[in-house]
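The block underneath contains the structure these notes are about, expressed in structure tokens.
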Amino acid sequence: MAASISPLRSSYRICNSLSFHHYRAKLRMHRKCESQRRHLHASVTRHAAVVVSGTEMARQIHREIQREVEELVTGGNMRPHLGVVLVGDDPASRTYVRNKTRAASILGRK
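Written out as structure tokens, the structure reads:
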């Protein structure tokens, strides 16, 4: 009676031998690179978390945009304009457009 090996068992042996050779190749590469590796030391100081205020950040960005718009206008360029196309009669869309228009007028745009 001939010994038979199931296809699953033989494919396991092939994959197992491939993964073994892959592992050995990675180990050789690791040993080769180990001699070239620099040893870095961790610093003693710890970095503390910085809390960022979103409102203050937004104000700072608005001031920068206002300054840039004024530089454009004083340089002889046209004042930037905001164009809006409102489609439909959705109250949320109207509120969104109203807020964007208000923000644009505060920033110096028409």
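Here the sequence shown stands for residues 122 to 231, where the numbers follow our numbering.
For glycine and all other residues, C-beta sits at the position ideal for the given N, C-alpha and C.
Item: 8 Å Cβ cutoff met for T222 and V205; Value: yes
Item: Whether L203 touches A179 by CB criterion (8 Å); Value: no
Item: 6 Å Cβ shell around G229 - same chain, five flanking residues per side excluded; Value: Q187, V190
Item: Separation of A146 from M122, as counted between CA atoms; Value: Annotation note: pLDDT 49 at M122 (below 50); position unreliable, coordinate value reported separately. For M122 and A146, the distance between alpha carbons rounds to 40 Å.
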